[in-house]
Ligand code: 5AD
Ligand code: SF4
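Residue numbers (the working numbering): 16 to 462.
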């Protein structure tokens with residue numbers, strides 16, 4: 016007989032970056048405090064929240080598609096609440112409801128603490144609540160103390176700051192997430208100590224630009240000071256962090272990371288483009304020469320470190336020669352992987368007003384060329400790992416085959432290996448890499 020549940024259920028779909036993943040855990044926490052339980056599928060939900068992303072047009076289009084699905088669900092099941100959270104909520108505010116009255120509430124990233132109130136008291140269908148004021152800097156610590164339902168028992172996101180002050184000319188983030196506001200070192204360490212007591216092994220420090228962490232305190236605090244403080248916390252084995260910024264990362268910060276055995280040997284360092292002229296027009300604040308000098312220092316201090324990057328192709332005014340400079344940079348820098356995006360004009364950003372936009376066909380061809388070059392490099396770097404043994408934290412069985420497990424190296428490379436003996440999530444293993452592919456490695460547990 017089918018089990019009948021009278022619990023109210025929630026369904027959250029998350030788009031975009033890790034900050035949204037982390038916010039979704041906080042949103043789940045708020046709903047569970049109200050007695051909601053997770054729904055396995057959209058159709059079972061009483062509350063649906065889409066935690067959205069505005070970084071590129073295609074991210075927004077996926078959300079519009081999902082809103083259509085929820086509209087159908089509401090036709091069959093009146094009373095279902097639909098909330099839009101995240102960056103599209105913050106950017107479009109009440110306009111979203113004007114355009115799509117099927118939405119019941121719009122809640123910006125800094126209003127998660129208001130969610131219980133909206134859903135429990137004011138959330139009657141059609142009441143159309145909009146809450147999108149910016150982060151109040153005095154509340155950044157309260158925000159992170161909101162109850163969170165974490166997906167993993169081993170890995171935890173830890174936001175260390177909100178917002179971004181960089182205003183890269185293509186990017187919408189500073190307009191929607193507001194100015195940089197850091198949490199205090201004490202607050203962050205308290206959260207990590209608690210995670211360590213609960214058995215978490217790996218934390219991931221989140222910020223749009225972690226290298227400007229603490230600068231808003233104006234007291235000499237920086238990312239290096241945070242790393243020193245976290246390094247002393249027992250129980251945590253790995254400290255990841257993202258995203259780094261080539262302009263704000265100092266040699267001192269690199270030294271602090273290199274001195275900490277817990278800080279992983281992986282850095283995500285977006286270069287965005289290989290041509291100085293484009294970097295200047297992107298307002299990135301560094302040249303390719305400075306980028307190379309920084310990366311050289313990083314690699315000297317942390318030998319064997321995995322370095323990944325982001326690239327944008329088709330930025331306004333990008334010529335064939337400039338595109339070639341990106342290909343040359345890739346060959347020279349040998350990133351372990353590169354996330355490459357076609358430039359997407361964002362309303363209100365300076366780049367969207369630039370006249371010399373690049374055609375879609377050219378963007379797609381350049382994207383393919385970048386990926387071809389990078390895939391070859393990724394594969395050859397992975398091949399160099401064959402026969403070597405790495406420390407891997409076991410994450411669980413693979414979807415395809417329960418006899419195969421997977422985990423990650425400190426450098427964030429995914430390794431798949433046959434299960435031997437009794438394995439538990441979070442076990443720290445030594446795994447030999449046997450065969451390397453572009454995206455994954457296959458190996459054997461040796462210890
Ligand atoms: N178009 C394409 N890619 C973008 N990114 C940010 N804004 C845009 C945009 N308008 C990319 C950058 C950034 C990553 C998170 O998304 O490469 O590092
Ligand atoms: Fe956007 Fe630039 Fe800030 Fe990154 S550093 S979030 S790309 S403005």
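Built from N, CA and C at the ideal position, the CB exists for glycine as well.
Close Cβ partners of residue i (< 6 Å) along its chain, the five nearest in sequence each way excluded
i: residue 16; result: With a pLDDT of only 48 at residue 16, under the threshold of 50, the placement of this residue in the model should not be trusted; the figure read from the coordinates follows. Same-chain partners within the cutoff: there are none.
i: residue 462; result: 445
i: residue 189; result: 179 and 182
i: residue 447; result: 404, 458, 459 and 461
i: residue 170; result: 217
i: residue 365; result: 184
Secondary structure of residue i, DSSP reduced to three states
i: residue 16; result: Reliability fails at residue 16, whose pLDDT of 48 lies under 50, so the model's placement of it is uncertain and the value that follows must be treated cautiously. Coil.
i: residue 270; result: helix
i: residue 244; result: helix
i: residue 337; result: helix
i: residue 234; result: coil
i: residue 219; result: strand
i: residue 462; result: coil
i: residue 162; result: coil
i: residue 39; result: helix
i: residue 204; result: helix
i: residue 365; result: helix
i: residue 89; result: helix
i: residue 194; result: coil
i: residue 402; result: coil
i: residue 264; result: coil
i: residue 29; result: strand
i: residue 6; result: Outside the shown range of the chain (16 to 462) lies residue 6, about which nothing can therefore be said.
i: residue 171; result: strand
i: residue 61; result: coil
i: residue 66; result: strand
i: residue 450; result: strand
i: residue 72; result: helix
i: residue 396; result: helix
i: residue 352; result: strand
Chain-order list of residues whose beta-carbon lies under 7 Å from that of residue i (same chain, five-residue window excluded)
i: residue 221; result: 33, 34, 37, 172, 173, 174, 175 and 257
i: residue 246; result: 275 and 277
i: residue 327; result: 185, 287, 288, 356 and 358
i: residue 54; result: 24, 25, 26 and 60
i: residue 7; result: The requested residue 7 does not occur in the structure, where the chain is confined to residues 16 to 462.
Residue i vs residue j beta-carbon contact at 8 Å
i: residue 133; j: residue 122; result: yes
i: residue 431; j: residue 457; result: yes
i: residue 67; j: residue 103; result: yes
i: residue 164; j: residue 75; result: no
i: residue 70; j: residue 31; result: yes
i: residue 51; j: residue 24; result: yes
i: residue 248; j: residue 211; result: yes
i: residue 451; j: residue 401; result: yes
i: residue 340; j: residue 290; result: yes
i: residue 270; j: residue 226; result: no
i: residue 267; j: residue 239; result: yes
i: residue 96; j: residue 58; result: no
i: residue 280; j: residue 321; result: yes
i: residue 159; j: residue 198; result: yes
i: residue 231; j: residue 265; result: no
i: residue 260; j: residue 224; result: yes
i: residue 45; j: residue 162; result: yes
i: residue 105; j: residue 191; result: yes
Nearest candidate by alpha-carbon position, reference residue i, set the options
i: residue 79; options: 228, 159 and 65; result: 65
i: residue 296; options: 267, 306, 330 and 443; result: 330
i: residue 130; options: 403, 147 and 116; result: 147
i: residue 449; options: 398, 437 and 308; result: 398
i: residue 98; options: 74, 73, 69 and 63; result: 63
i: residue 374; options: 388, 334, 407 and 362; result: 334
i: residue 463; options: 70, 406, 93 and 207; result: This structure cannot settle anything about residue 463, because the visible part of the chain is limited to 16 through 462.
i: residue 27; options: 49, 50, 56 and 455; result: 56
i: residue 285; options: 303, 195 and 268; result: 303
i: residue 313; options: 340, 301, 272 and 417; result: 272
i: residue 384; options: 338, 452, 83 and 289; result: 338
i: residue 439; options: 343, 417 and 429; result: 417
i: residue 215; options: 324, 345, 371 and 251; result: 251
Cutoff 8 Å: residue i Cβ touching any chain D Cβ
i: residue 250; result: In the structure shown, chain D does not exist; there is a single protein chain.
Contacting residues, own chain, Cβ-Cβ under 8 Å from residue i (five flanking each side not counted)
i: residue 241; result: 175, 200, 203, 220, 228 and 229
i: residue 205; result: none
i: residue 77; result: 30
i: residue 419; result: 412, 413, 431, 432, 433 and 434
What residues come near the ligand 5AD, if near means a beta carbon less than 6 Å from any of its heavy atoms? 70, 71, 185, 186, 285, 287, 325, 327, 356, 358, 359 and 361
Those residues, in chain order, that have a beta-carbon closer than 6 Å to some heavy atom of the ligand SF4: 179, 181, 182, 183, 186, 188, 189, 223, 224 and 260
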